[in-house]
Every structure is written in structure tokens, then in C-alpha cells.
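Student: The structure that follows is given in the form of C-alpha cells.
Numbering (our numbering), first residue to last: -4 to 127.
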């Protein structure tokens, strides 16, 4: 995560320009993965805004969006690589089943987190105390 709002929105802007360039150069495979990275920078920006303004609703939405991107990115990439670089149906089936299990685990985890009302970006990290 970037240091602050400015760093996050700057990373998003630079990433968007680079993404546009990769699309212009018809590097669609790279663009497909890179878009999730660029979007995460935007989510981080809104997370910083939520923390700065103490907006609990925006914080929750940013946390949901961040968690969603963290789940979607590896699945998209795994399925892409699996179905474009192998014709072995056993491997494809295994990757598909693993992806489904990962989605189910992620949904279950987010439901548990939601029920405990802890789905948010923490406002600060508590410093460790030294034992004397």
C-alpha cells in the first residue's frame, strides 16, 4: 500500500498511462493482469481518503474492493495461463477446481469477517511495546 493519498493517486495515474500504452501496443495479455494492479492503486487511494476523513462507509467499500481484487487477480491469471498454455484437460480441470475452491474459501472468509464487523482498513498499526 502506498504511503498516502497522493502517492496512491499518482501511482494510479502513472499506471493508467502505462496501461493505455500496453493496450495501444496490443499487449492485451499483460494489460489484462496490469489492470488489476492499477485498480488496486485507486482502491488504496479511496482507502486513504476514508481513513483521513474517518468515513466508515467508504472504508468498508474500499476494503471490499481490495479484497475482491486480491481474489480475482490470481484466478484470472491462473485460468488464462492454464487455458492458453496447456491442452492437458487434467491440468485444466485441476486449476479450475482449485480456482473454485479458492473463490469459495474467499467468500466464506469475507462472510466471517463481515459477521464480526471487522471488514475495514485499519486506521493505524499499534506499535509493539518493549518488555522491561
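In this text, a Cβ means the ideal position worked out from N, Cα and C, and glycines have one as well.
If we ignore side chains and look at the alpha-carbon of each, how far apart do residue 34 and residue 7 end up?
Tutor: By 1-based counting over the chain shown, the position of residue 34 is 39. By 1-based counting over the chain shown, the position of residue 7 is 12. Distance between the alpha carbons of residue 34 and residue 7 is about 7 Å.
Student: Is residue 116 closer than 8 Å to residue 46 when the C-beta atoms are compared?
Tutor: Sequence index remark: in the chain shown, residue 46 carries index 51 (1-based). Sequence index remark: in the chain shown, residue 116 carries index 121 (1-based). In this structure, residue 116 lies closer than 8 Å to residue 46 by Cβ.
Student: Kindly indicate which residue of 100, -2 and 1 has the alpha-carbon position closest to the one of residue 70.
Tutor: Taking the chain shown and counting its residues from 1, one reaches residue 70 at position 75. Of 100, -2 and 1, the residue nearest in Cα terms is 100.
Student: Return the Cβ separation of residue 90 and residue 74 in integer angstroms, given the expectation that the two are a contact with Cβ distance under 8 Å.
Tutor: By one-based count along the chain shown, residue 90 stands at place 95. By one-based count along the chain shown, residue 74 stands at place 79. Confirmed, about 7 Å.
Student: For residue 69, report the span of its alpha helix (DSSP H) as first-last.
Tutor: Residue 69 sits at position 74 when you count from the first residue of the chain shown. Taken as a continuous stretch (DSSP letters only), the alpha helix (DSSP H) holding residue 69 covers 51 to 80.
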